[in-house]
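Asks: If you count by the working numbering, then the sequence shown holds residues 355 to 564, one letter each, in order.
Using N, Cα and C, we set each Cβ at its ideal position, and we do this for glycine too.
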Amino acid sequence: MKLKLGAKGAAVKQLQTRLKELGYEPGKIDGRYGGATMTAVWAFQKVQGIKPSSTVASKTWQALEEPVAPKPLVPRGKPDRAEVDLTRQLLFLYKGGEVILISHVSSGSGVPYTEKTVWQGQERIFRGDSKTPPGNFKTTWRRSGWHKSYLGELYNPIFFNGGIAFHGALSVPLYPASHGCVRLPMHVAEELPKLLGTGVPVHVRRTARA
Numbered sequence: 355m356k357l358k359l360g361a362k363g364a365a366v367k368q369l370q371t372r373l374k375e376l377g378y379e380p381g382k383i384d385g386r387y388g389g390a391t392m393t394a395v396w397a398f399q400k401v402q403g404i405k406p407s408s409t410v411a412s413k414t415w416q417a418l419e420e421p422v423a424p425k426p427l428v429p430r431g432k433p434d435r436a437e438v439d440l441t442r443q444l445l446f447l448y449k450g451g452e453v454i455l456i457s458h459v460s461s462g463s464g465v466p467y468t469e470k471t472v473w474q475g476q477e478r479i480f481r482g483d484s485k486t487p488p489g490n491f492k493t494t495w496r497r498s499g500w501h502k503s504y505l506g507e508l509y510n511p512i513f514f515n516g517g518i519a520f521h522g523a524l525s526v527p528l529y530p531a532s533h534g535c536v537r538l539p540m541h542v543a544e545e546l547p548k549l550l551g552t553g554v555p556v557h558v559r560r561t562a563r564a
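1. Ignoring anything shorter than 4 residues, give me the alpha helix (DSSP H) runs that lie fully in the segment 400–458, in order along the chain.
2. Going by other Cβ atoms of all chains shown within 10 Å of its Cβ, with 16 needed for buried, is Gln399 buried or exposed?
3. Is the number of C-beta pairs between the segment 513–520 and the segment 421–428 that are closer than 8 Å three or more?
4. Assuming Ser408 and Ser461 make a contact with CB atoms under 8 Å, what is their CB distance in whole Å?
5. I think Gln370 touches Pro380, with their Cβ atoms under 8 Å apart; what is that distance to the nearest whole Å?
6. Which whole-angstrom value describes the C-beta separation of Phe491 and Asn515, a residue pair presumed to lie in contact below a C-beta threshold of 8 Å?
7. Alpha carbon to alpha carbon, how far is Ile512 from Arg497?
8. If we call anything under 8 Å between Cβ atoms a contact, is Gly482 one with Gly534?
9. Using the beta-carbon count (16 or more within 10 Å), is Val465 buried or exposed?
10. Among residues of its own chain, excluding the 5 on either side of Lys413, which ones have a beta-carbon nearer than 7 Å to its beta-carbon?
11. Under a three-way DSSP split, which group does Trp500 fall into?
12. Going by the beta-carbon positions, is the gap between Leu440 and Leu447 smaller than 8 Å?
13. If we ignore side chains and look at the alpha-carbon of each, how far apart do Pro487 and Thr561 end up?
14. Report the three-state DSSP secondary structure of His533 (helix, strand or coil).
15. If we count the other Cβ atoms within 10 Å of its Cβ and call it buried at 16 or more, is Gln443 buried or exposed?
16. Using DSSP with H/G/I as helix, E/B as strand and the rest coil, what is Ala523?
17. Can you find the residues in the same chain that come closer than 7 Å, C-beta to C-beta, to Ala543, ignoring five residues on each side of it along the sequence?
18. Mapping DSSP to helix, strand and coil, what is Gly360?
19. Taking the CB atoms as reference points, tell me whether Val554 and Ala417 lie closer together than 8 Å.
20. Taking the beta carbon of Ala361 as the centre, do at least 16 other beta carbons fall within 10 Å, making it buried, or is it exposed?
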């Protein structure tokens with residue numbers, strides 16, 4: 355059976371339920387295949403080595419029956435930690451040594467930018483490299499709801515490397531597209547503050563391509 359974006363019914367509910375069981379957040383389990391479920395499908399497909407697509411076909415159904423478990427990026431990491439795979443554009447959240455959330459993300463594009471904007475009452479020019487640097491960090495401050503930065507609006511941002519944060523965004527494409535932050539689907543950004551505390555290790559890595 356093939357499912358495409360916009361599908362409705364029992365098969366979609368089955369898909370959503372299974373993704374939720376495996377730690378991929380599909381949004382509301384309502385039998386409607388919308389954007390939240392699609393990003394969970396993308397994340398699952400990427401972990402399974404399947405080219406991400408909004409279509410759920412035989413390869414994805416088979417993988418859902420016998421999924422490959424994700425390998426930790428930091429095998430001896432703290433029991434509570436976040437890992438970001440820049441190569442596959444994925445976030446893994448660990449609690450007590452177990453993966454509790456796997457999400458599709460979009461990190462820094464690597465394209466240098468020059469932005470002219472009004473910031474703190476003055477017109478200013480900001481320049482940067484749009485990179486999300488690999489390394490070991492910790493979560494610091496956060497804001498609830500929409501937070502205005504000089505590069506735009508961030509939803510429920512949780513900062514971990516200076517001005518770089520996990521945050522919800524209306525656009526989280528299948529490629530690195532941000533100014534350097536780690537963009538999350540909005541429904542994941544809604545839940546993340548309840549799951550990720552302050553002072554928690556964040557490991558950002560590049561991995562070998564499959």
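Replies: According to the data block:
1. As far as the segment 400–458 is concerned, its whole alpha helix (DSSP H) runs of at least 4 residues are 412–419.
2. Note on Gln399: 16 or more other CB atoms within 10 angstroms of its CB, so buried under the neighbour-count rule.
3. Contact fails: fewer than three Cβ-Cβ distances are below 8 Å.
4. Wrong, their Cβ atoms sit about 21 Å apart, outside the cutoff.
5. Indeed they touch by this definition, with Cβ atoms about 4 Å apart.
6. Right, the Cβ-Cβ distance comes to about 5 Å (below 8 Å), so this counts as a contact.
7. So the alpha carbons of these two residues sit roughly 7 Å apart.
8. The answer is yes: Cβ separation under 8 Å.
9. With fewer than 16 Cβ atoms within 10 Å of its Cβ, Val465 is classed as exposed.
10. Closer than 7 Å at Cβ, skipping near neighbours: Ile404.
11. It is a strand residue.
12. No, these two residues do not count as a Cβ contact at 8 Å.
13. In this structure, the CA atom of Pro487 is about 13 Å from the CA atom of Thr561.
14. Under the three-state reduction of DSSP, His533 is assigned to coil, being neither helix nor strand.
15. Residue environment for Gln443: buried (at least 16 other C-beta atoms within 10 angstroms of its C-beta).
16. In this structure, Ala523 counts as coil in the three-state DSSP scheme.
17. Sequence-distant partners of Ala543 (beyond 5 residues in either direction) whose C-beta falls short of 7 Å from its own C-beta, in its chain, are Tyr509, Asn510, His521 and Gly522.
18. Gly360 carries a coil assignment under DSSP once its states are collapsed to helix, strand and coil.
19. Not a contact, by the Cβ cut-off of 8 Å.
20. Ala361 comes out buried.
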